[in-house]
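Colleague: In our numbering, the protein residues as written are 395 to 661. Following this message is one structure expressed as structure tokens.
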């Protein structure tokens, strides 16, 4: 018998991606450390790595390991301390006519049509804009990570927004959101996050993981509108200062419509 016991579960094998142009900072090169989630312990692995600053896309869990940049900072909302600001209360009031529910992560044609309309209007140059129905089904169904869908609907039952979320032991990870691109008065990106915060508070969960924040990226500015906000640094999670990102908040009303909670167009 070997003196070294074999692990009870297969070890997770990590890989490093090739170099690609950064989609957020001009002139920078992007690389990722990633692993594939298998059916074995996928939920536990996804939870642990999300808490350590990783993000999930399909059945891939990853984080940036860029050669000359460390601008991508994992952020999360501590829900127990969160109270909506006046601007967030206005968003809630503007959407009082909507109902939202958490449903199983099962792809539908209705979702795909909304997803396609959103991509064609907001991210025409991204790979996601070219996704067919089978690709969308794979995005929803390949999570293997205790994944659900938060859906927002009008009074007549029309789907107006959706967010793919992973339920974690300590909260929710907002994986990807999309919504009606023609309705620019509701701030639906922020509204979906507010719904998720409410759900976490009702379920006595501590955090909403929003993915990466980049200080000088207008696409990420909306995340700093949620306070308090915690960032992951070398010494662990800590509260982001009030001055961090404030210079971008004035222009973040449009940025909240990005729908993305990550540093790639494949979240």
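Think of the CB as a built atom: it goes at the ideal place given N, C-alpha and C, for glycine as much as any other residue. Note that the structure is predicted; figures quoted are calculated from it, not measured.
1. Please report the distance separating the alpha-carbon of residue 432 from that of residue 411.
2. Count the other C-beta atoms from every protein chain shown that fall within 10 angstroms of the C-beta of residue 416, then say buried if there are 16 or more, exposed otherwise.
3. Mind pulling the beta strand (DSSP E) runs of 3 or more residues that sit fully within the segment 525-554?
4. Out of 419, 444, 452, state which residue places its alpha-carbon closest to the alpha-carbon of residue 466.
5. Closest to residue 535 by C-alpha separation, out of 508, 514, 501, 557, would be which residue?
6. Pick from 493, 505, 560, 532: whose alpha carbon is nearest that of residue 551?
7. If you check the beta carbons only, do residue 517 and residue 523 fall under 8 Å apart?
8. Taking 8 Å as the threshold, find out whether the segment 562-581 comes into contact with the segment 453-469 through three or more Cβ pairs.
9. Closer than 8 Å is the cut-off here; do at least three beta carbon pairs connect the segment 587-596 with the segment 435-452?
10. When you compare only the Cα positions, how much space is there between residue 407 and residue 515?
11. In chain order, what residues of the same chain have a beta carbon less than 7 Å from the beta carbon of residue 430, not counting five sequence neighbours either side?
12. Here's a check: name, in chain order, each residue in its chain whose Cβ is nearer than 7 Å to the Cβ of residue 600, leaving out the five neighbours to either side.
13. Tell me the DSSP bridge mates of residue 614?
14. Given a cut-off of 8 Å, decide if residue 624 and residue 470 are closer than it, judged by their beta-carbon atoms.
15. Output needed for residue 588: all residues of its chain with C-beta closer than 7 Å, excluding positions within five of it in sequence on either side, in chain order.
16. Considering only residues of the segment 453-491, which uninterrupted beta strand (DSSP E) runs meet the minimum length of 3 residues and lie entirely inside it, listed in chain order?
Modeller: With the structure as the only source:
1. As a first step, residue 432 must be located in the chain shown, where it is residue number 38. As a first step, residue 411 must be located in the chain shown, where it is residue number 17. Whole-angstrom Cα-Cα distance: 19 Å.
2. Here residue 416 is taken as the residue at index 22 of the chain shown, counted from 1. With 16 or more other Cβ atoms within 10 Å, it is buried.
3. Restricted to the segment 525-554, the beta strand (DSSP E) segments that are unbroken, complete and at least 3 residues in length are 541-547, listed in chain order.
4. Locating residue 466 in the chain shown gives position 72, where the first residue counts as 1. Residue 419 is the option with its Cα nearest to residue 466.
5. Here residue 535 refers to the residue found at position 141 of the chain shown. Looking at 508, 514, 501, 557, the one whose alpha-carbon comes closest to that of residue 535 is 501.
6. Counted from its first residue, the chain shown places residue 551 at position 157. The shortest C-alpha separation from residue 551 is found at 493.
7. The count along the chain shown starts at 1 and reaches residue 517 at position 123. The count along the chain shown starts at 1 and reaches residue 523 at position 129. Against a cut-off of 8 Å, the Cβ pair of residue 523 and residue 517 comes out as a contact.
8. The way I'd put it, the segment 562-581 doesn't touch the segment 453-469; fewer than three beta-carbon pairs between them come closer than 8 Å.
9. At 8 Å Cβ cutoff, the stretches do not touch.
10. The residue given as residue 407 occupies position 13 in the chain shown. The residue given as residue 515 occupies position 121 in the chain shown. Between residue 407 and residue 515, the C-alpha separation is close to 37 Å.
11. As a position in the chain shown, residue 430 is number 36, starting the count at 1. Counting only Cβ-Cβ distances below 7 Å, and skipping sequence neighbours, we find 453, 454.
12. Taking the first residue of the chain shown as position 1, residue 600 is located at position 206. Spatial neighbours of residue 600 in its own chain (CB-CB distance under 7 Å, excluding positions within 5 residues in sequence) are listed in chain order as 472, 473, 474, 564, 565.
13. Numbered from 1 along the chain shown, position 220 holds the residue referred to as residue 614. Per DSSP, none; premise fails for residue 614.
14. Residue 470 sits at position 76 when you count from the first residue of the chain shown. Residue 624 sits at position 230 when you count from the first residue of the chain shown. Yes.
15. Your numbering for residue 588 matches position 194 in the chain shown. Contacts found: 478, 482, 485, 486.
16. Unbroken beta strand (DSSP E) runs of no fewer than 3 residues, entirely contained in the segment 453-491, are found at 454-458, 467-472, following chain order.
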